[in-house]
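Chains as they are written, first to last, in our numbering: chain L, 1 to 490; chain S, 1001 to 1652.
Written as structure tokens, this is what we have:
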């Protein structure tokens, strides 16, 4: 006799799923022959999607504070999950806000976009709450499949389709690795449940982990590294970021990345937390390689989206330092880092989205020249984001790096912290170059004015968060502290 | 009222400074209005300040009502307690009068002198700012506050010497003044540290009360034991030497004449350069307990007096002659202090302030008339064209040469008599040097007058056609100063150094019973009393013979003593020696550190090398991104192989 699982913790996910399907229906039945109505429908769906994402955020907040295990331990809702879900929902909502105008201009304003973003969001929420290798895979694939499609959303554009295809093929390889790893773990341990895996390696049993199991873990780790685009599983990132429609790139750089980082922490610190000395060296290698590659490879880029791709690789490298440390301070550092990263990145991409010349999007770094003359406010905001990414105090990016490096130094990972600081010095070069181009290079052709109102709001809001973080750090830090603490209490 | 008197110049400086930042563009009328406003504000502030200073003098010095105004606490750290306080006793009151009156006159004079300058508000702001710092210096209640004023006047002096910053020579002179003063200020700072180490306080009152108890203490310097007060006083005196341009640290003063002439009159003659004398007098309770320090002061003062006087005889730039004369007169003041006749030193400081400012402003008037010509060889025969200036220069020169009844007669005489009256070896040295210098002083003063105003004109005709008397706004300050040069000595004599002296100075100056040079001075024999006047007249006479009646002789004399003349004319080769000893090596070391140390080594290995390596790496890394799917998959699989291998080798 199977009992009915506790549905309360899953209410947000159920809500998102229902909304996704409802919006799909709405779009399908509203669909009319001419373009104008299609755009109108897309607009309506996008608006509704944004509203429901905000509502979901409230629903998520209602289950905050305590830990629930449900669906036979497949699904867990704890402060850690709540924190990351709220970040994800922010990412999705902001993405929808900056997307619509772009889609309309590119002639690809279709309601499916919103629906896909919402399903991807659902997948990410499940990923974050997964407490079993099965539900992990379920959420991951749901997210990935939606993302493959929106990467090719501009299907008449060669680069967009190429990006989608590459993402799909490489994603499939990564999924394969993940699955292979999962099967190894299951084969050597007899369970896929995180709780039971955790108990198995508890305390004295840690050295007992067999080689096969560790190889399984390494494969899982590789699959997850692909999702966060950490070196050497990053190769898809620049190509996909460049080819995908810009709002999609913005979404890629935050939503899935944050979800995958959450999953990374969940898996490594949760069931395999006691095996830390087995996988720590591997994460160190990945982290260092990501930081260095992110710093060096970005220097030569001329396309700003490609540059942002390498920048995001570098940021993941920094965040992974927190995972190497693998204690409460480290996890808290990652969580603060991802929150700040979310707002800086969305803001920066919103600025990129304003780069339009004679109605067409431009994305060369040199196209930004003279931005300070034509769009002084956007230029100032872009400068804020770049300074923040480079880690200049007193902007938010400085503090997020500070918490990470602090955690590393406290636990004795001096080399890692030093490499991090040095590579952020190299990284500062290309961030500051953007500012130089914006403020000091003579403009060759001016960019279009005025900018879309939604973009303006997003830029203003995110810039405000980045600037004022040092004054009111409590909101993010308190949440992160509570969530990180939940991860380490068993 | 004391507070108002001190801070009025600061307020004026801020207002005028703000005007200097106002951009008027090409609007001439607006600029003229702004200039006039700046002039009114600063001159008004200074005149008011001068009136207050006179009232304060009456109350404090004549009424015997010394007081200290506490403003607020500045530093409190452990046993170090420093507050902003204005200490006004007779000494300060005298200084305040000299500073504010001369400064007010210079301000007014500047209205005329600087009328064609594009930066009037800035100039007036600097002048007022200087005056504020100078007042801060003389009213200081502790050594640190004095140091604040001391550095402040140094800063203003730097700004004003380099006022015409488009002139490379002005910039060089400004830097030189600043750097040379740094040497002195370093000594001053070390002196303050030593005092604090000995007394655990920098407040003057506390130090002065504690001096008798510490009179025989020794301190350890570089391992040796030395008399503490001597060390402190000598260090402090190094500071005084720097600011007052005494032998060794004098080289900046002649170069400082690159600044506008009113600046030379105010800062480099009447006020700032006398700060050293003031400091020694102010710290008389310290110096009194160190015979060695007093001897050093006497010798340095006497040597400077004669040394600078010889150079002044050979210079041809009218302002430089007066500059060296200032240097020489400061020497007089110092050796007066050195023989414990502080009041005589301050007396000469005051009278000198008036007549030297008069001479400078008079020279400025001549320069103004001669279309900015400063070389005396290109002047001459202009006394009919600028009679008022001519007359005023006579007054100033007579005072400087110490001719009765002009101010200089009284003050210089008492100094020389005190030096004689000290009955010490050093006092005797200073006395004879002083007499010799007095002779030379009279000689070069009349050399200036005769070369400038008499004889055939050596200027070209275009300049001569423009020679004109200065406007009233420039002449009135001159007349006020001339009145000071005429009467200050006679009026002040009794109070400053005469029978009323003890009552007048109160506790501002301390002289031990064993040092009664001043008392002895009043009983000096006839020849001592009248020798200075005699040599003064002789000097004037010689100047008339050489430059008026037999103008061929100077050249003959120069030919006879060519090596000596060259040596003196080149200012005893001080600049060259310093250049060789300090400047060149410093430049050499600096250039080496810059070119090889910083440029080749640090830049090459550091920023430049690193950035080259970075760019190179960036290119290689970017090439990895081929765009082919199978490359990417290969990288992923290769990655996982590396990771697993690494785990097996390390982690397992």
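For each residue, glycine too, the CB sits at the ideal point set by N, CA and C.
Note that this is a predicted model, so its numbers are computed, not measured.
Counting the other Cβ atoms within 10 Å of the Cβ of residue 338(L) gives 16 or more, which makes it buried.
Inter-segment contact for the segment 1054 to 1074 of chain S and the segment 1116 to 1133 of chain S is absent: fewer than three beta-carbon pairs are separated by less than 8 Å. The segment 132 to 146 of chain L makes contact with the segment 60 to 79 of chain L: 3 or more CB pairs, one atom from each, lie closer than 8 Å.
Taken in chain order, the complete alpha helix (DSSP H) segments of 4 residues or longer contained in the segment 1285 to 1359 of chain S are 1291 to 1312, 1318 to 1338. If you check each beta-carbon in the segment 434 to 454 of chain L against every beta-carbon of chain S, none falls closer than 9 Å.
If you check the CB distance, residue 466(L) and residue 385(L) come in under 8 Å. Residues of the segment 226 to 242 of chain L that bring their beta carbon within less than 9 Å of a beta carbon in chain S comprise 226, 231, 232, 233, 234, 235, 236, 238, 239, in sequence order. For residue 1220(S), the enclosing beta strand (DSSP E) covers residues 1218 to 1221.
Just measuring C-alpha positions, the residue of 1200(S), 1139(S), 1032(S) sitting nearest residue 1094(S) is 1139(S). Between residue 63(L) and residue 82(L), the beta carbon gap of about 7 Å places them in contact (Cβ cut-off 8 Å). Within 10 angstroms of the beta-carbon of residue 1243(S) lie 16 or more other beta-carbons, which makes it buried. Closer than 8 Å to the CB of residue 297(L) there is at least one CB belonging to chain S. One alpha carbon belongs to residue 1005(S), the other to residue 1084(S), and they sit about 15 Å apart. Taken in chain order, the members of the segment 164 to 191 of chain L whose beta-carbon sits within less than 9 Å of a beta-carbon on chain S are 165, 166, 169, 170, 173, 174, 177. Checking the DSSP bridge columns, you'll see residue 1579(S) has no partner listed. Within a 10 Å sphere around the beta-carbon of residue 1309(S) sit 16 or more other beta-carbons, which makes this residue buried.
Among the residues of the segment 248 to 267 of chain L, none has a Cβ less than 8 Å away from any Cβ of chain S. In this structure the segment 1519 to 1534 of chain S lies against the segment 1405 to 1420 of chain S, because at least three pairs of beta carbons, one per stretch, are closer than 8 Å.
Remark: C-beta atoms of residue 91(L) and residue 332(L) do not approach each other more closely than 8 Å. Taking a C-beta cut-off of 7 Å against chain S, the contacting residues of the segment 298 to 329 of chain L are 299, 300, listed in chain order. Distance from the Cα of residue 1126(S) is smallest, within the candidate group 1146(S), 1043(S), 1058(S), for 1043(S).
Here residue 364(L) is bridged, per DSSP, to 303(L). Among the CB atoms of chain S, one or more fall inside 8 Å of the CB of residue 219(L). Between residue 1269(S) and chain L, the shortest Cβ-Cβ separation is not below 8 Å. Residue pairing for residue 356(L): DSSP places it in a beta bridge opposite 361(L). Selection 4(L), 33(L), 126(L) evaluated against residue 60(L) yields 126(L) as nearest (Cα-Cα). The contact set of residue 282(L) on chain S, defined by CB atoms closer than 8 Å, consists of 1643, 1646, 1647, 1651 in chain order. Distance check between residue 455(L) and each of 263(L), 422(L), 93(L) places 93(L) closest, using alpha-carbon atoms only.
The three-state secondary structure of residue 343(L), taken from DSSP, is helix. The C-alpha of residue 96(L) lies about 12 Å from the C-alpha of residue 255(L). Residue 1638(S) has a beta carbon lying within less than 8 Å of a beta carbon in chain L. Every unbroken stretch of the beta strand (DSSP E) spanning 3 or more residues and falling wholly within the segment 1176 to 1227 of chain S is given here in chain order: 1218 to 1221, 1224 to 1227. In this structure, the CA atom of residue 397(L) is about 57 Å from the CA atom of residue 1224(S). For residue 419(L), the nearest beta carbon of chain S is not closer than 8 Å to its own beta carbon.
Residue 1462(S) is classed as exposed because its beta carbon has fewer than 16 other beta carbons within 10 Å across all chains shown. Counting of Cβ neighbours within 10 angstroms places residue 1561(S) among the exposed residues, the total staying below 16.
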